[in-house]
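The structure appears below as structure tokens.
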Amino acid sequence: MSEAPIIKDLTEEYAGKRLDVVLAQLFPEYSRSRLKQWIEQGQVLLNGEQARPKTKIIGDEQLQLSVQPIESEENCEPENIPLDIVHQDASIIIVNKPAGLVVHPAAGHYTGTLQNALLYFDESLSAVPRAGIVHRIDKDTTGLMVVARNLS
1 MSEAPIIKDL TEEYAGKRLD VVLAQLFPEY SRSRLKQWIE QGQVLLNGEQ
51 ARPKTKIIGD EQLQLSVQPI ESEENCEPEN IPLDIVHQDA SIIIVNKPAG
101 LVVHPAAGHY TGTLQNALLY FDESLSAVPR AGIVHRIDKD TTGLMVVARN
151 LS
């Protein structure tokens, strides 16, 4: 994202949805918690006015997003980290995430994450927001994770 505000016209397709949900759809490269933080800090405006995450969209609003780029979320680099791939096909990858591995870059963990490993494993994931990670589990939890290989 650039320093200039991003302006989006919200159509009726978003009517009835919460602002935080709409932002997550429009900007999937950012976490929901990051988007909520921006709303609460007044960096997201609806028709020029500050809104709340729970604000319902009517369908004829103008959304303005004014934020600085977040280094950790935009510049995740591939890293050769071993992965336990349980299944893969053209649409998904199922990974057995080991305990101790952070899922995606965040404060204090900009490298050595599952997202870094996935980008190394399949470079085409760089075209998918958050390298296809659609959910996360805690660092100290082991479990299966489904990774989307495309936006379909």
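The sequence shown lines up with residues 1 to 152 when you count with the working numbering.
Beta carbons are placed, not taken as given, at the ideal position from N, Cα and C, and that holds for glycine.
Using beta carbons (cut-off 8 Å, strictly below), is D138 in contact with chain C?
No chain C is present in this structure, which holds just one protein chain.
For L101, does the three-state DSSP call read helix, strand or coil?
The answer is coil: DSSP assigns L101 none of H, G, I, E or B.
Helix, strand or coil, according to DSSP, for E71 in the structure here?
Unreliable placement is indicated for E71, whose pLDDT of 46 sits below 50; no coordinate value is reported for it.
Extent of the continuous beta strand (DSSP E) to which L114 belongs
DSSP places L114 in no beta strand (DSSP E) but in the uninterrupted alpha helix (DSSP H) bounded by L114 to F121.
Would you decide whether G132 is buried or exposed? Buried here means 16 or more other CB atoms lie within 10 Å of its CB.
By the 16-neighbour rule on beta-carbons within 10 angstroms, G132 is buried.
So which of T55, I39, N150 and A90 has the shortest CA-CA distance to G16?
Checking every option, the nearest Cα to that of G16 belongs to T55.
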